[in-house]
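A.B. asks:
See below:
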């Protein structure tokens with residue numbers, strides 16, 4: 001069993017010497033650096049004279065506001081599509097090695113998402129043109145009866161969020177953009193979920209030692225709201241990455257990639273009971289604490305991996321079982 005990385009620039013003759021991945025005991029705990037993103041907000045206020053203040057409505061309290069649900073609706077007839085793009089073979093001109101273990105990842109993803117009532121569609125080794133046209137076509141389908149949309153990318157990657165198709169690279173944003181609120185009306189106000197198994201650079205994470213602590217999760221559920229509200233076009237997106245920017249993402253030739261294995265296991269275990277962000281926090285913990293590379297070359301041995309996610313979700317994503325009529 002070989003630990004490999006999903007990066008286009010690595011010396012693969014070295015990586016392919018890697019031995020089987022090892023699960024480390026909780027008594028030997030390692031952590032890894034994380035890149036924190038800070039959001040910026042602006043508040044615009046208008047100054048008025050005292051004489052005209054009484055003539056203006058009080059904007060400090062929203063007017064005509066109705067009760068709001070903080071959980072996305074799951075009342076549609078279909079959960080939604082889970083579209084998987086798996087690239088494990090590349091045109092010779094790219095000089096990229098095959099991604100051994102990708103078929104195992106597909107099996108894990110199918111089992112996990114089907115258990116949550118998604119319809120899983122797998123596209124293997126698409127070209128850049130095919131990948132982009134497929135994404136565009138899906139975004140233009142009638143998705144009004146779907147709760148949400150999910151997309152899983154399994155491929156090599158590079159810095160700048162480049163994703164490799166069979167014949168070249170494309171920016172990740174070209175995959176996400178067709179599902180934004182101004183492009184896909186059927187998914188407005190619904191969660192669009194993207195899971196990316198690909199390297200994001202050539203960095204290796206050595207890890208540090210920390211003391212473990214308990215994890216806590218909580219969730220709330222309120223009645224749904226059907227009010228017409230204006231929302232940003234970037235709202236309701238969720239992007240989960242196998243690794244932080246600048247680092248390798250590990251994949252085992254027999255057991256599949258660390259991130260996809262942890263994601264699939266967590267969805268199977270918690271998918272019907274916890275909200276998505278809580279599930280992904282557990283995925284982060286699993287990969288960060290329980291996986292460590294073991295390689296014949298010391299330069300690639302004892303390395304860690306830290307997944308991350310970016311969210312503009314405005315509510316909790318929960319996957320309660322769909323109640324289907326018996327056939």
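Residue numbers (our numbering): 1 to 327.
C-beta: ideal position from N, C-alpha, C; glycine also.
Is residue 283 helix, strand or coil when you go by DSSP?
C.D. replies: It is helical.
A.B. asks: Would DSSP call residue 320 helix, strand or coil?
C.D. replies: Residue 320 falls in the coil class under three-state DSSP.
A.B. asks: DSSP on residue 119, reduced to helix/strand/coil?
C.D. replies: In the structure shown, residue 119 sits in a strand (DSSP, three-state: E or B).
A.B. asks: Quick check: the Cα distance between residue 135 and residue 178, rounded to an integer number of angstroms?
C.D. replies: Residue 135 and residue 178: Cα-Cα distance of roughly 7 Å.
A.B. asks: So if DSSP puts residue 171 in a beta bridge, which residue, or which two residues, is it bridged to?
C.D. replies: Answer by DSSP bridge pairing, in chain order: 162.
A.B. asks: Output the boundary residues of the beta strand (DSSP E) element that contains residue 244.
C.D. replies: No beta strand (DSSP E) contains residue 244, which DSSP labels as neither H nor E.
A.B. asks: So, at 7 Å on beta carbons, what are the nonlocal neighbours of residue 235 in its own chain, with the 5 sequence-adjacent residues on each side left out?
C.D. replies: Within the same chain, residue 235 has close Cβ partners 181, 312, 314.
A.B. asks: Considering only residues of the stretch 249-296, which uninterrupted beta strand (DSSP E) runs meet the minimum length of 3 residues and lie entirely inside it, listed in chain order?
C.D. replies: Taking only runs of at least 3 residues, the beta strand (DSSP E) segments lying wholly in the stretch 249-296 are 250-252.
A.B. asks: Quick check: the Cα distance between residue 237 and residue 252, rounded to an integer number of angstroms?
C.D. replies: Answer to the nearest angstrom: the Cα atoms are 29 Å apart.
A.B. asks: In angstroms, rounded to a whole number, what distance separates the CA positions of residue 39 and residue 7?
C.D. replies: The pLDDT assigned to residue 39 is 41, lower than 50, so where the model puts this residue is not dependable; a value taken from the coordinates is nonetheless given after this. Residue 39 and residue 7: Cα-Cα distance of roughly 29 Å.
A.B. asks: Using only the alpha-carbon positions, how far apart do residue 233 and residue 149 sit?
C.D. replies: For residue 233 and residue 149, the distance between alpha carbons rounds to 16 Å.
A.B. asks: For a test of the three-state rule: what should DSSP assign to residue 42, helix, strand or coil?
C.D. replies: With a pLDDT of only 41 at residue 42, under 50, the local geometry of the prediction cannot be trusted, and the value read off the model is given with reservation. Coil at residue 42, not helix or strand.
A.B. asks: Provide the residue span of the beta strand (DSSP E) that contains residue 78, from first to last.
C.D. replies: Taken as a continuous stretch (DSSP letters only), the beta strand (DSSP E) holding residue 78 covers 78-86.
A.B. asks: Out of curiosity, what's the CA-to-CA distance linking residue 169 and residue 199?
C.D. replies: Taking the straight line from one Cα to the other gives about 13 Å.
A.B. asks: Would you mind listing the beta strand (DSSP E) stretches within the stretch 88-156 that are 3+ residues and don't spill past its ends, in chain order?
C.D. replies: List check, beta strand (DSSP E) in window: 119-124, 146-154.
A.B. asks: Among the residues of its own chain, which have a CB less than 6 Å from the CB of residue 184, if the five just before and after it don't count?
C.D. replies: Answer for residue 184: 139, listed in chain order.
A.B. asks: What residue range does the beta strand (DSSP E) around residue 195 cover?
C.D. replies: 192-197 is the extent of the beta strand (DSSP E) around residue 195.
A.B. asks: Using three-state DSSP, classify residue 237 as helix, strand or coil.
C.D. replies: Three-state result, residue 237: strand.
A.B. asks: Excluding the 5 residues flanking residue 323 on each side, which residues of the same chain have their C-beta closer than 8 Å to its C-beta?
C.D. replies: Hits under 8 Å: none found.
A.B. asks: Taking the CB atoms as reference points, tell me whether residue 239 and residue 310 lie closer together than 8 Å.
C.D. replies: Contact: yes.
A.B. asks: I need the DSSP call for residue 186, collapsed to helix, strand or coil.
C.D. replies: Helix.
A.B. asks: When you compare the CB positions of residue 72 and residue 191, do they come within less than 8 Å of one another, or not?
C.D. replies: The answer is yes: Cβ separation under 8 Å.
A.B. asks: Using the DSSP secondary-structure output, state which residues sit across from residue 309 in a beta bridge.
C.D. replies: The partner list for residue 309 (beta bridge, DSSP) reads 240.
A.B. asks: Could you tell me if residue 303 is buried or exposed, where buried requires 16 or more neighbouring beta carbons within 10 angstroms of its beta carbon?
C.D. replies: By the 10 Å Cβ count, residue 303 comes out buried.
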